[in-house]
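The opening position of the sequence shown corresponds to residue 1 in the UniProt record's numbering, with each subsequent residue numbered one higher. What follows is one structure encoded as structure tokens, with my remarks underneath.
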Amino acid sequence: MRNGSIRYISMENWMAYTGPVVVHSTPGVNIIAASNGSGKSAIVCAIALSLGFDLSILSRADNISSFVKRGCMNSTLKVGLADDDSSQGVVHIERRIFLATNLPNEHSQSNKANSSNQNTGHKQKIPVRNEWFLDGKPTNLSSIKSLHKRLNIQLDNLLTFLAQANVGKFAAMTQQQLFRSTLEAIDFKLVDELDNLIDLSQNLKSKVFESKLLQESLNACNKKLSELKIISDTLIKVKDATLYMNIVKLKLNQNKLSNVKKAYETTRKRIGDTNNDIYSHEIKHKKLEAKYNKIKSGSKSLYDLAKNNIEHANKIMQQDNPSCISNSMNDSGLNEPVQKAFYDSLAMLNSFSNDIQRQESKMQISEEGEQTLREKIQSLNQDINSLKSKLSDVDEIVGAIATNKIKEDSIRYNLKKFTSNSYDDPMKLQFEALLKNLSYVKRDMIMRYNRYCEAKSIEPKKFIVNDIKVSGVLNCSIVENLIWNYLDCILLHSSEFEDNLKLIKDFKLPTVTAPERNNVMCKVTDKMKSYGVVSFVHELVTASDLTIQVLSSLCDINEAFIVDEKTYNRIFFSNKNKSNSENLFSEFYKTMLQEISNQIGERVSEIKYFVGNKKHVHKHFYKSNYFMDTEMEISNKPKVIVDFSNFGKDSRNEEMMALENELDEVRSTLYDLNKKLNEQNELNKNTNRKLYTLTKQKITLEKSLNAITSNDNQKISARTWKHDLNKLKMSRLKHISNSIVDTAKTLLIRIQNASEMKNILIEANESYDEYCSKVVEIDEMSNNVGISKNQLDELKSSLTLLQNTFKEQKERIDLYSNVINDVKQAINDSEQLFESDLFEESTNNFNEVKKQFENKLINLSDSDLEKELIKAEEHVKKLETDDFEEIQLIKMIQDERTQKDKLKQKIYDNRNEVTTVSEELNNRYGIWESNVKQLVTEIDYKFGKYMEYIGDGSGGQVRLDVDIDNIKEAKMRILVKFDREKDLLPLTTSYQSGGERGVTTMVYILSVQNLTNNPFFVIDEINQGLDSHYERNLMKLLLASNTCEEDSENPSTPQYFILTPQLISGYDLSKATLHFPLNGPGIEQNIEI
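This is how it looks when you write it as structure tokens:
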């Protein structure tokens, strides 16, 4: 018995069954026989759904709720499968089904997921929850499906599970489906290998197709290259000129690099020497500072000693006279008691004299009388009031001045807006704009050149940008687009070139010179006007004749023209002309080329014209049908060229004039107010001075009046002046005598301390003298330290300069190295260009040309190389400007050659991949085909043998159609016949009847059974509609095939479940197990079958 065979199936509340009904199956053939409606199909459905397969394999209902017995809200299915890996040899699967109205509250999200997985893609009328158990333990549907794969249960294959409703599906299977189903039933690995082979085949086909596309692209590239091989003298000149320019540049930069490296090494050595000098100077400076600090510390000690001695002497002196200090400049004699007494006496005598004079004055004033003083005071009051009335209030004048000052500031601010940069010299603005848009190196060179000329009082040469005036923003953009590369060039006459060569070389300034012959300035003809041509570009530019001629030679401004945009669109893009636009353009270009050629006097192959902000370039290659037509959009805002239409007018417009007039009026008003204020202030100043004098006199008179009033009744008492004077004399004489005695005592004390003070002061003097000598030495040391510090700073400054020079030289080395690498790469590109078939007509060899150019430069100095490089660059620029489209053609050819090499490499890689995939496909296909053909041979043998057995004249074959080139369409054909006189025909619904298709299906399943690993087959009422002859022979064949002896290759036979409404009468079915479902009236209890 194979692993996965069914041991039992249990059903509860399932379709026709109520109580748990258990069907115990046996190995071999299990026949379930019962009349219709007894529950045979319920057993088949229980087998499929208990194992977790989809409802679609039953073709009965779209919702599992339809299988739950009517009136019940839950159902339980159990199935036991043989499994040698299980501990009891049987694995038990249980499925519990709950309808929505009876769902328990504790249902989980995982069970909901199981339900949704089970019923995905089907419209659910009643929500259902499923619970799964494996050997009594909860599990999920994924675990059940993994068990299918391990036990090789394939109920979704018509060969192993053929329900009654699916018999027609087997016959309707395509030959590809039959082949795949057979392989799945026999061995999944064969199907996986088939899918892998299909993927390899598809990959191989895609690689082959990709190879074809790449080969077609390569052929197209070769064709395009052959068409683009147009050689002209101009292209050869550009090639040679470019190579020569690169060789000159390489030689010059190599020389510069060598010189810079020498300077670099010299600077490195100088930096090392300077570092050594700094180190030695720092050591000397530190020693000098240490000595200076030591001397300074010693001098401070001497100063402190002298100071302490002086303070000690002061203390001794203060003991005698606290007000006397030893180092003070005061005269000590004034402090003696005798002199003090003398001066006190003099002070008393002066005071006595003053009292007498004051008394006499009072007596004299009192005689004049009080009335006279009052009259004078009243007169002074009148004069004071009169002067106060003359004082004026200046607050009103000051307020008016402030108001007009604010107004003046506002007018000045408005005028400042009119004098901003927008009203500066437009040429200056144009030149500054050019400098902003140049690289740092170019901008720096030009600014250095201008400073040099200013320092040398040399008139700088005019740049092209300084000799151009254009009106209109769009016109500025058009002119700037054409002449952009030459705006920074200096304009020179041919005779001036040699004289200015040194400046050109020193400052690396690009220059242009006048052409040898003047260019013709084209005019707009009537034919050109008919196409909307407005003017030529040279008509937009206001410049000197020399500038116009130079720009005509370099930029073709005498040939480039402007077309009115509205007229252009009306002629070429209107609805009525849109279908004929190609012919109109062809005629337009032909007319323009002819008109310009007629004016210039030679053939023109290129025209440049502008329509609005779009630039068009049309190039026609002579003696060929090739032309190039490009269109590009230019900026609407010029970066450098200034619109001169906004300049040249009087910037002092009416508004500005009105502001200036108003400013003049405000200034006049301010002048008058300030003058009036000054006059008033001067008048007030004189009045205040007189007022002060009168007020002072008034105060004096008032004091005298008060004194007279208070002393009117006082009389000078009689005093005996002589008596008072004698009294004062006696008291003063006594006081002076006492003072002389005190002074004598003080002098005696001072004499005693003089000796000690002398010694102390001598010692202090000596310390101070030594301190002064130290101060001189300190000053000298300080100067030496300062000189040393300055020398050290100079060395460090020199080191910084050397380091900056070193860094700059390093940058220059890197710059020259990068330039040399770029030039070498350009020379290598030139070598590839020489060796390419683009110049196959040229006989010159690259190495020969290179050697010739190098020999030419052997004896040239750096200045000569500079001159030669300028000429070479100008020559290349001239050639590239004159034949821009030819240069573009070279780039196109180079791009095509690069694309060709890429295509070759891709084709090579693709072919290798094709070979690898093809070999892998052939090897794997050979192994797979051998295995499949062996299986088909066995199936064909048994199928033919079984077909002959079931009926006289019947026959059958199984044919395999497989091709490595179309392996995706691999198929298996079943050919059958049921009459000896007829030929074998494919199994289809068109050729065979329903019974014949049923017989063929059963025979094919029996032919395959022993080759598969499927544990069981289920066939539901396939014998309906069969003749008794076929039915009997099929049953014999089925029983015979399941009772044959087992061999090493077929250790066991599969299990069969045959459902039939009735048994075959008169035939021995003892070798099969019979099951008779009993369901209907009279069955009152559960029965175990």
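Glycine residues also receive a C-beta, built at the ideal position from the N, C-alpha and C atoms.
Classify I406: buried if its beta carbon has 16 or more other beta carbons within 10 angstroms, exposed otherwise.
Walking along the sequence shown from the start, residue 406 turns up at place 406. I406 comes out exposed.
From M1002 to F1016, what does the alpha carbon distance come to, in whole angstroms?
Translated into positions along the sequence shown, residue 1002 becomes position 1002. Translated into positions along the sequence shown, residue 1016 becomes position 1016. Their Cα atoms are separated by approximately 14 Å.
Run of the beta strand (DSSP E) containing I562, from where it starts to where it stops:
Looking up residue 562 in the sequence shown gives position 562. Unbroken beta strand (DSSP E) run through I562: F561 to V563.
Answer yes or no: do A48 and K40 have a C-beta to C-beta separation smaller than 9 Å?
As a working note, residue 48 is residue 48 in the sequence shown. As a working note, residue 40 is residue 40 in the sequence shown. Not in contact: A48 and K40 (Cβ atoms no closer than 9 Å).
Identify the continuous alpha helix (DSSP H) that holds R448 and give its terminal residues.
On the sequence shown, residue 448 is found 448 positions in, with the first residue counted as 1. Per DSSP, the unbroken alpha helix (DSSP H) holding R448 starts and ends at Y440 to A455.
Beta strand (DSSP E) segments (min. 3 residues) lying fully within the stretch 21-59:
Qualifying beta strand (DSSP E) stretches, in chain order: 21-24 and 29-33.
Excluding the 5 residues flanking K462 on each side, which residues of the same chain have their C-beta closer than 6 Å to its C-beta?
As a working mapping, residue 462 is identified with position 462 in the sequence shown. L491, listed in sequence order.
Could you tell me if K608 is buried or exposed, where buried requires 16 or more neighbouring beta carbons within 10 angstroms of its beta carbon?
Counted from its first residue, the sequence shown places residue 608 at position 608. Answer is buried; the Cβ neighbour count reaches 16.
Distance, Cα to Cα, N13 vs P20?
Numbered from 1 along the sequence shown, position 13 holds the residue referred to as residue 13. Numbered from 1 along the sequence shown, position 20 holds the residue referred to as residue 20. The C-alpha of N13 lies about 7 Å from the C-alpha of P20.
Is T1000 closer than 9 Å to G944 when the C-beta atoms are compared?
The residue given as residue 944 occupies position 944 in the sequence shown. The residue given as residue 1000 occupies position 1000 in the sequence shown. Taking 9 Å as the Cβ cut-off, G944 and T1000 do not qualify as a contacting pair.
Nearest residue (CA-CA) to V512, options L546, V541, L540 and H538
Looking up residue 512 in the sequence shown gives position 512. The shortest Cα separation from V512 among L546, V541, L540 and H538 belongs to L546.
8 Å CB neighbourhood of S271 in its chain, flanking five on each side removed
Within the sequence shown, numbered from 1, the residue matching residue 271 stands at position 271. For clarity, residue 271 is Ile in the given sequence; the question names Ser instead. The beta carbon of I271 sits closer than 8 Å to the beta carbons of L799, L802, Q803 and F806 from its chain, once the five residues preceding and following it are set aside; these are given in chain order.
E216 burial status per 10 Å Cβ neighbour count (16 or more: buried)
As a working note, residue 216 is residue 216 in the sequence shown. So E216 ends up on the exposed side.
Is N613 closer than 9 Å to S635 when the C-beta atoms are compared?
On the sequence shown, residue 635 is found 635 positions in, with the first residue counted as 1. On the sequence shown, residue 613 is found 613 positions in, with the first residue counted as 1. By the CB criterion at 9 Å, S635 and N613 fall inside the cutoff.
Under 9 Å between C-beta atoms of G532 and Y589
On the sequence shown, residue 532 is found 532 positions in, with the first residue counted as 1. On the sequence shown, residue 589 is found 589 positions in, with the first residue counted as 1. In this structure, Y589 does not lie closer than 9 Å to G532 by Cβ.
Grouping DSSP H, G and I as helix and E and B as strand, with all else coil, what is G121?
Mapped onto the sequence shown, residue 121 falls at position 121. Legend: pLDDT at G121 = 41, less than 50; position of this residue unreliable, no value from coordinates given.
Reference G71, options A402, T988, V44 and Y17, closest by Cα:
As a first step, residue 71 is located in the sequence shown; it is residue number 71 there, counting from the start. In terms of CA proximity to G71, Y17 leads the group A402, T988, V44 and Y17.
Neighbourhood of G4 by C-beta, 8 Å cutoff - its chain only, sequence neighbours within 5 removed
Locating residue 4 in the sequence shown gives position 4, where the first residue counts as 1. Within the same chain, G4 has close Cβ partners L81, A82, D83, L151, N152, I153, N1014, P1015 and F1016.
Assigned exposure category for P138 - 16 Cβ within 10 Å defines buried
Here residue 138 refers to the residue found at position 138 of the sequence shown. Exposed, since its Cβ has fewer than 16 Cβ neighbours within 10 Å.
Exposed or buried, what is H723 when buried is set at 16 or more other beta-carbons lying within 10 Å of its beta-carbon?
Residue mapping note: residue 723 aligns to position 723 of the sequence shown, counting from 1. Around the beta carbon of H723, a 10 Å sphere encloses fewer than 16 other beta carbons of the protein chains shown; the residue is thus reported as exposed.
Tell me the DSSP secondary structure of R959 in three-state form.
The count along the sequence shown starts at 1 and reaches residue 959 at position 959. Strand.
So, helix, strand or coil for T547, using DSSP?
Here residue 547 refers to the residue found at position 547 of the sequence shown. In the structure shown, T547 falls within a helical segment according to DSSP collapsed to helix, strand and coil.
Just reading off the beta strand (DSSP E) that I144 is part of, what are its end residues?
Here residue 144 corresponds to residue number 144 of the sequence shown, with the count starting at 1. Residue range L141 to L151 is occupied by the alpha helix (DSSP H) that includes I144, with no beta strand (DSSP E) assigned at that position.
What's the call for D425, buried or exposed, on a 16-neighbour Cβ count within 10 Å?
For the purposes of this step, residue 425 is taken as the residue at position 425 of the sequence shown. Exposed.
So, with DSSP's three-state summary, where would you put Q1055?
The count along the sequence shown starts at 1 and reaches residue 1055 at position 1055. In the structure shown, Q1055 sits in a strand (DSSP, three-state: E or B).
On the DSSP bridge list, what partners appear for I198?
Stepping through the sequence shown from its first residue, residue 198 is reached at position 198. Looking at the DSSP output, I198 bridges to nothing.
Those residues which DSSP pairs with S10 across a bridge:
Translated into the one-based positions of the sequence shown, residue 10 becomes position 10. Answer by DSSP bridge pairing, in chain order: V22 and K78.
Closest to V128 by CA distance: which of M73, V819 and T630 is it?
Counted from its first residue, the sequence shown places residue 128 at position 128. V128 has its Cα closest to that of M73, out of M73, V819 and T630.
In its own chain, which residues sit with a C-beta less than 6 Å from the C-beta of K968, not counting the 5 before and 5 after it?
Taking the first residue of the sequence shown as 1, we reach residue 968 at position 968. In its chain, beyond the 5 residues on either side, I198 have a beta carbon closer than 6 Å to the beta carbon of K968.
Beta-carbon separation of S767 and A306 under 9 Å?
By one-based count along the sequence shown, residue 767 stands at place 767. By one-based count along the sequence shown, residue 306 stands at place 306. Against a cut-off of 9 Å, the Cβ pair of A306 and S767 comes out as a contact.
Just to confirm, is the Cβ distance from A433 to V248 under 9 Å?
Walking along the sequence shown from the start, residue 433 turns up at place 433. Walking along the sequence shown from the start, residue 248 turns up at place 248. No.
Helix, strand or coil for P460, going by three-state DSSP, please let me know.
Within the sequence shown, residue 460 is the residue found at index 460, counting from 1. Coil, per DSSP.
Evaluate the contact criterion for the stretch 208-222 versus the stretch 1029-1038: three or more CB pairs, one atom per stretch, below 8 Å.
No, the stretch 208-222 does not touch the stretch 1029-1038.
Near V819, which residues of its chain fall below 6 Å by C-beta distance, leaving aside the five closest residues on each side in sequence?
The residue labelled residue 819 in the question sits at position 819 within the sequence shown. Correct list, in chain order: N253.
For L373, the nearest candidate out of L701, D769, N466 and D983 (CA to CA)
Mapped onto the sequence shown, residue 373 falls at position 373. Of the listed residues, the one whose Cα sits closest to L373 is L701.
Could you tell me whether the stretch 916-927 touches the stretch 185-198, using the rule of 3 or more Cβ pairs below 8 Å?
For the pair of segments examined, the stretch 916-927 was found to touch the stretch 185-198: the number of CB pairs separated by less than 8 Å reaches three.
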